[in-house]
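Working notes, structure below.
Numbering (our numbering), first residue to last: -18 to 263.
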């Protein structure tokens, strides 16, 4: 697989992008895992493309995937796709909704209407990944400017959750923005589609998962991420993935994160055997 990442000029706050291309379309079967971002996955493959299966519902093509995708798998013969990760406070504006971002998957056409098809056509016709990133950044930026953002207090609370890597408490978040716990909980949940407590757990789990994938021992990860003990880490990993920490450490969905999303993944000391993934920077 080849991975492309955008130039700095195409990077926007709260938004990250990466392009993926198989040299030859390959059949894939990937379990989607909880991540602290809303994902817009734009299928640029020819033919069958990406197929989704969620709780007995089958969809095909470009899609929006929420923070907590639940029982969702993506498969099919994939040639190329553009993935856009939106932090929830940005996603609420870009997707033109105050959606339940926890546990949802929807075709992109259901969210962006006719714009979805037009954007896909422009991206398919682009001559390079560089041009595709420019197009995507323009689309996302335009939609952000045209819509009312979430309240500053909600956005600040989300940012604080991210910068603390989930090692904070709801009362602390509320105090930092001058709200009481009940008000923060209500506004955060209605605007981001997830409760502040759930967001804290999700961000902490995500950091722990990346540390596990980077080769750190479970006991060390539990201590660094603020879990009570190794058993607490095990329970949280099980709750979010249905797997053990050792299984998550070897999970293929984390194998490319230090290439495609370097800001979210600790750098491995050594490259894992059998996982060479060429990277393209444009």
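Even glycine gets a Cβ: it sits at the ideal position worked out from N, Cα and C. Only a predicted model underlies this, so the values are computations on that prediction, with no experimental measurement involved.
(request) Just the C-alpha distance for residue 71 and residue 130, rounded to the nearest angstrom, thanks. (result) 7 Å
(message) Taking only three categories from DSSP, how would you classify residue 68?
(response) coil
(request) Compare the beta carbon distance of residue 44 and residue 24 with 9 Å and say whether it is the shorter of the two. (result) yes
(message) Once DSSP output is grouped into helix, strand and coil, what is the label at residue 268?
(response) Residue 268 lies beyond the residue range present for the chain, which begins at -18 and ends at 263; the question has no answer from this structure.
(request) Could you work out which residue in 224, 185, 221 is closest to residue 209 when comparing CA atoms only? (result) 185
(request) Determine contact between the stretch 210 to 226 and the stretch 105 to 123, defined as no fewer than three beta-carbon pairs at a distance below 8 Å. (result) no
(request) Note down the Cα distance separating residue 142 from residue 180, rounded to an integer number of angstroms. (result) 7 Å
(message) Would you call the stretch 186 to 194 in contact with the stretch 218 to 233, where contact means no fewer than 3 C-beta pairs closer than 8 Å?
(response) yes
(request) Find the nearest neighbour of residue 47 within the set 62, 39, 55, 87, judged by alpha-carbon distance. (result) 87
(request) Report yes or no: do three or more beta-carbon pairs, one from the stretch 125 to 140 and one from the stretch 155 to 169, lie closer than 8 Å? (result) yes
(request) Could you tell me which residues DSSP puts in a beta bridge with residue 1? (result) -16, 62
(message) Let's see if you can read the secondary structure: which residues bound the alpha helix (DSSP H) around residue 152?
(response) 151 to 158
(request) Within its chain, find whatever has a CB closer than 6 Å to the CB of residue 80; leave out the 5 residues flanking it on each side and keep chain order. (result) Note that residue 80 scores 48 on pLDDT, short of 50, meaning its location in the model is unreliable; the coordinates nonetheless yield the value given after this. Excluding sequence neighbours, residue 80 sits near 174.
(request) Going by CA-CA distance only, name the one from 73, 144, 172, 176 that's closest to residue 151. (result) 176
(request) May I ask you to list the residues that DSSP assigns as paired with residue 208? (result) None, per the DSSP bridge assignment.
(message) My assumption, with CB atoms under 8 Å, is that residue 182 sits in contact with residue 207. Please give the rounded CB distance.
(response) Contact doesn't hold; Cβ gap of about 11 Å is too wide.
(request) Can you have a look at residue 167 and say buried or exposed, based on whether 16 or more other CB atoms are within 10 angstroms of its CB? (result) exposed
(message) At the level of alpha carbons, what is the spacing between residue 89 and residue 14?
(response) 19 Å
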